[in-house]
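All remarks here apply to the structure that follows.
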Amino acid sequence: MSAAIVIGGGIGGLASAALLAKQGHDVTVLEKNQLVGGRANYFEADGFRFDMGPSWYLMPDIFEHFFALLGERVEDHLDLIRLDPSYRITFRGTDQVVDMTSDLTRDVPTFERLEPGSGQALRDYLDRAEAQYQVAIDRFMYRNTNGLLDFFDVQTARQARQLHVFENMHDYISRSFTTDAVRKILEYQLVFLGSSPFNTPALYNILSHIDFNLGVFYPRGGIYSIVQALVRLGQQHGVTHRTEAPVAEILTAGRRATGVRLASGEELRADLVISNADMHHTETELLPTAARSHPERSWKRKVLAPSAFILYLGVRGRLPQLTHHNLAFGQDWRAAFADLFDRPAWPDDPSYYVCAPSRTDPTTAPADRENLFVLVPLAPSLSMTDADIARYRQRTLELVARDFDVPDLQDRIVFERSYTSRDFTADYHAYGGSALGLAHTTKQTIFRPRNVSRKLTNLYYVGAGTNPGIGMPICLISAELVLKRIIGDRSPGPLPVPAAIGDGLGG
1 MSAAIVIGGG
11 IGGLASAALL
21 AKQGHDVTVL
31 EKNQLVGGRA
41 NYFEADGFRF
51 DMGPSWYLMP
61 DIFEHFFALL
71 GERVEDHLDL
81 IRLDPSYRIT
91 FRGTDQVVDM
101 TSDLTRDVPT
111 FERLEPGSGQ
121 ALRDYLDRAE
131 AQYQVAIDRF
141 MYRNTNGLLD
151 FFDVQTARQA
161 RQLHVFENMH
171 DYISRSFTTD
181 AVRKILEYQL
191 VFLGSSPFNT
201 PALYNILSHI
211 DFNLGVFYPR
221 GGIYSIVQAL
231 VRLGQQHGVT
241 HRTEAPVAEI
251 LTAGRRATGV
261 RLASGEELRA
271 DLVISNADMH
281 HTETELLPTA
291 ARSHPERSWK
301 RKVLAPSAFI
311 LYLGVRGRLP
321 QLTHHNLAFG
331 QDWRAAFADL
341 FDRPAWPDDP
351 SYYVCAPSRT
361 DPTTAPADRE
371 NLFVLVPLAP
381 SLSMTDADIA
391 RYRQRTLELV
401 ARDFDVPDLQ
411 DRIVFERSYT
421 SRDFTADYHA
431 YGGSALGLAH
441 TTKQTIFRPR
451 NVSRKLTNLY
461 YVGAGTNPGI
471 GMPICLISAE
481 LVLKRIIGDR
491 SPGPLPVPAA
501 IGDGLGG
């Protein structure tokens, strides 16, 4: 039995550990923090339970496939609620408030009210997005690549053109829709990828299929219940999870990683090392110079996804003005994205997000209280003094009070905690304080760092920093891609269920 060490207990690391253990490896997960989960962490205070990071359960098909690889059913581990409405949107500067439901019989009339004649255009757009999503699943998202040459065969090149890889999202959407409101509804999902519609390839129109056709869900008990399920699945197959065990160094000999040294001085040996830690941290802090595939100088050219200014609020009384997911859109879309990517600045007219899980799940807050998670995307390079935090806290609360008609919001706060780029760096070694990692620009979609080291034959990477990118379901795919690397599977799509790779995944 070969030994494998997974550095970091985020979604990708926990998923990799479970898959490798099912395959027969002796797996240990090493997590620096008190709890596993990475950015999908949680905390409790004053009777409130707050998910700290991801809050949208999307792409249920990806979760179902991953659980099936382990011989399990999602419904045996997660109690999923389909949200209705999926989310609410308010448009600043107007009196427009709309609910999106992932039900075209209701969403099409909403689009027609915002842009007469757009209903059929939406149906056509979503038909294309669904077809493109299937191409992406079958040919790209579950495919390990080794360089640009992998895209030069005729079939792959033809399919890449189908996905509009070299057209940006804003231009692609603008060919079908003309009003500012409708374009914003179809572009906001790019924030999940840490990107702008003006620099993100149009292949990500597949997010509209995910949103409108597949639906938005919530696991009862909160997003952290996903982390707990992954831990249980790993433990069923013998995974050891160690918390408060920060790794100080990846040990090497020749062209192989031989294990890790913990900050405590303890050394652990392994045949395989998989890092779910921040890619920049892994490359520039954990590896010796000669073993780095991505040295410090290469990171200066990277485009980072935004950081975030987050408020966790416990509020007295109920807030029927809110649904589970709520979005407030600023007026000048292009300027707001420029503040995030082109000319880093504190936004005066931000678009932001409010999650109110207690509207769905009363266990997240005491009786007659609401649990609010308020997130404002910010450029990761902004300075972050205590005075900045205090000033923007006030600005954010004023916006929420006005945009969602809660004029006495500040008087009703009974619990409050803020979270900023400083915390992302301290808790997760996040490069530049980014909340998500590398943005999904066209270049960083095609040339995302590979999931295997160029210098060490048995060092692999998993999570948002490598292929295929950002998001909980995408990190599950990332874990499957690492397994495919290790077992030498070069197929372009998902592993079959049951997978024909020996007894490990066949059940």
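The sequence shown begins at 1 in UniProt numbering and counts up one residue at a time. The beta carbon of each residue, even a glycine, is placed where N, CA and C say it ideally should be.
> Are the Cβ atoms of L30 and A365 separated by less than 7 Å?
Replying inline: Position 30 of the sequence shown, counted from the start, is the residue given in the question as residue 30. Position 365 of the sequence shown, counted from the start, is the residue given in the question as residue 365. No, they are not a contact pair.
>> Suppose contacts are defined by Cβ-Cβ distances below 7 Å. Is A18 in contact with G234 by that definition?
In response: Reading the sequence shown from its first residue, position 18 is the one you call residue 18. Reading the sequence shown from its first residue, position 234 is the one you call residue 234. Cβ distance < 7 Å, so A18 and G234 count as in contact.
>> Considering only the alpha carbon of each residue, which of A479, S174 and R485 lies closest to H65?
In response: For this step, residue 65 is matched to residue 65 along the sequence shown. With distances taken between Cα atoms, H65 lies closest to A479.
>> Between the alpha carbons of R292 and A129, how many angstroms are there, rounded?
In response: Within the sequence shown, residue 292 is the residue found at index 292, counting from 1. Within the sequence shown, residue 129 is the residue found at index 129, counting from 1. Cα-Cα distance, rounded: 38 Å.
>> On the CB-based measure, 16 or more other CB atoms within 10 Å of its CB, does D368 come out buried or exposed?
In response: To locate residue 368, count along the sequence shown from 1; it is residue 368. Classification for D368: exposed.
> According to the neighbour-count rule (16 or more other Cβ atoms, all chains shown, within 10 Å of its Cβ), is K300 buried or exposed?
Replying inline: Numbered from 1 along the sequence shown, position 300 holds the residue referred to as residue 300. Exposed, since its Cβ has fewer than 16 Cβ neighbours within 10 Å.
>> What does the alpha-carbon distance come out to for the pair H294 and P60?
In response: Against the sequence shown, residue 294 aligns to sequence position 294. Against the sequence shown, residue 60 aligns to sequence position 60. Computed Cα separation, rounded: 33 Å.
>> Taking 8 Å as the limit between beta carbons, can you name the residues of its chain near G317, skipping five residues before and five after?
In response: Residue mapping note: residue 317 aligns to position 317 of the sequence shown, counting from 1. Hits under 8 Å: D368, R369, E370 and R412.
> Hey, which unbroken runs of the beta strand (DSSP E) at 3 residues or more fall wholly within the stretch 78-107?
Replying inline: Scanning the stretch 78-107 for uninterrupted beta strand (DSSP E) segments of 3 residues or longer gives 80-82, 87-91 and 97-100, listed from N- to C-terminal end.
>> Starting from F217, trace the beta strand (DSSP E) in both directions and tell me its first and last residue.
In response: Here residue 217 refers to the residue found at position 217 when the sequence shown is read from its first residue. From DSSP, the beta strand (DSSP E) with F217 extends over F217 to P219.
>> Going residue by residue through the stretch 173-258, where are the continuous beta strand (DSSP E) segments of at least 3 residues, counting only ones entirely within it?
In response: 217-219, 240-242 and 247-253
> Alpha carbon to alpha carbon, what distance is there between N458 and G259?
Replying inline: In the sequence shown, the residue the question calls residue 259 occupies position 259. In the sequence shown, the residue the question calls residue 458 occupies position 458. Approximately 10 Å, taken between the alpha carbons.
> Exposed or buried, which one is R254 when buried takes at least 16 other CB atoms within 10 Å?
Replying inline: If you number the sequence shown from 1, residue 254 lands on position 254. One point to set straight first is that residue 254 is Gly, not Arg, in the sequence displayed. That one is exposed.
>> For V74 and R391, what's the separation of their Cα atoms in angstroms?
In response: In the sequence shown, the residue the question calls residue 74 occupies position 74. In the sequence shown, the residue the question calls residue 391 occupies position 391. Rounded to the nearest angstrom, the two C-alpha atoms are 43 Å apart.
>> Could you compute how far the alpha carbon of Y353 sits from the alpha carbon of L268?
In response: Walking along the sequence shown from the start, residue 353 turns up at place 353. Walking along the sequence shown from the start, residue 268 turns up at place 268. Each residue's Cα considered, the two are about 42 Å apart.
> Residue ranges of each alpha helix (DSSP H) run of no fewer than 4 residues wholly in the stretch 445-498, ordered along the chain?
Replying inline: 472-487
> Does DSSP classify S327 as helix, strand or coil?
Replying inline: In the sequence shown, counting from the first residue as 1, residue 327 sits at position 327. It is Leu, not Ser, that sits at residue 327 in the sequence shown. Looking at L327 - three-state DSSP - the assignment turns out to be strand.
> Which runs of the beta strand (DSSP E) spanning at least 3 residues fall entirely within the stretch 345-404, listed in chain order?
Replying inline: For secondary structure counted as the beta strand (DSSP E) over 3 or more consecutive residues, the stretch 345-404 holds these complete runs in sequence order: 352-355 and 369-378.
> Is the CB-CB distance between I446 and V247 below 7 Å?
Replying inline: Reading the sequence shown from its first residue, position 446 is the one you call residue 446. Reading the sequence shown from its first residue, position 247 is the one you call residue 247. No, they are not a contact pair.
>> Does V135 come out as helix, strand or coil in the three-state DSSP assignment?
In response: One-based indexing of the sequence shown puts residue 135 at position 135. Residue state, collapsed to three classes: helix.
> Quick one: complete beta strand (DSSP E) runs, 3+ long, within the stretch 31-76?
Replying inline: 42-45 and 48-51
>> Classify E266: buried if its beta carbon has 16 or more other beta carbons within 10 angstroms, exposed otherwise.
In response: Mapped onto the sequence shown, residue 266 falls at position 266. Residue burial annotation: E266 is exposed, with fewer than 16 other C-beta atoms found within 10 angstroms of its C-beta.
> Given a threshold of 16 other Cβ atoms within 10 Å of its Cβ, counted over all protein chains shown, does M1 qualify as buried or as exposed?
Replying inline: Here residue 1 refers to the residue found at position 1 when the sequence shown is read from its first residue. Burial call: exposed.
>> Less than 7 Å between the C-beta atoms of Y87 and F217, yes or no?
In response: As a position in the sequence shown, residue 87 is number 87, starting the count at 1. As a position in the sequence shown, residue 217 is number 217, starting the count at 1. No.
> Exposed or buried, what is Q120 when buried is set at 16 or more other beta-carbons lying within 10 Å of its beta-carbon?
Replying inline: Taking the sequence shown and counting its residues from 1, one reaches residue 120 at position 120. Counting Cβ neighbours within 10 Å, Q120 comes out exposed, since fewer than 16 surround it.
> So which of L230, R113 and R183 has the shortest CA-CA distance to L69?
Replying inline: Residue mapping note: residue 69 aligns to position 69 of the sequence shown, counting from 1. Selected option, being the one with the closest Cα: L230.
>> Please return the same chain residues whose Cβ sits closer than 7 Å to the Cβ of S225, not counting the five positions on each side in sequence.
In response: As a position in the sequence shown, residue 225 is number 225, starting the count at 1. The answer, listed in chain order, is L78 and P219.
>> Among G215, L272 and C475, whose alpha-carbon lies nearest the alpha-carbon of V227?
In response: Locating residue 227 in the sequence shown gives position 227, counting from the first residue. Answer by Cα proximity: C475.
> Of all the beta strand (DSSP E) runs that stay within the bounds of the stretch 252-329, which reach a length of 3 or more residues?
Replying inline: 256-262, 267-269, 272-275, 307-316 and 325-329
> Is it right to say Q96 is buried, meaning 16 or more other beta carbons lie within 10 angstroms of its own, or is it exposed?
Replying inline: Position 96 of the sequence shown holds residue 96. Q96 should be labelled exposed.
> Just to confirm, are L311 and S418 a CB contact at a threshold of 7 Å?
Replying inline: Position 311 of the sequence shown holds residue 311. Position 418 of the sequence shown holds residue 418. Against a cut-off of 7 Å, the Cβ pair of S418 and L311 comes out as a contact.
>> Could you tell me the alpha carbon to alpha carbon distance between D103 and P473, rounded to whole angstroms?
In response: Your numbering for residue 103 matches position 103 in the sequence shown. Your numbering for residue 473 matches position 473 in the sequence shown. Whole-angstrom Cα-Cα distance: 22 Å.
> Would you call the stretch 423-431 and the stretch 315-330 touching, i.e. three or more CB-CB distances under 8 Å?
Replying inline: no
>> Here's a check: name, in chain order, each residue in its chain whose Cβ is nearer than 7 Å to the Cβ of F43, leaving out the five neighbours to either side.
In response: Residue numbering aside, residue 43 sits at position 43 when the sequence shown is read from its first letter. Correct list, in chain order: F50 and M52.
>> Please tell me whether L456 and A257 are closer than 7 Å, where the distance is taken between their beta carbons.
In response: In the sequence shown, residue 456 corresponds to position 456, counting from 1. In the sequence shown, residue 257 corresponds to position 257, counting from 1. Yes. Within cutoff.
> What span of residues does the alpha helix (DSSP H) with F337 cover, start to end?
Replying inline: As a working mapping, residue 337 is identified with position 337 in the sequence shown. Per DSSP, F337 belongs to the alpha helix (DSSP H) from W333 to F341.
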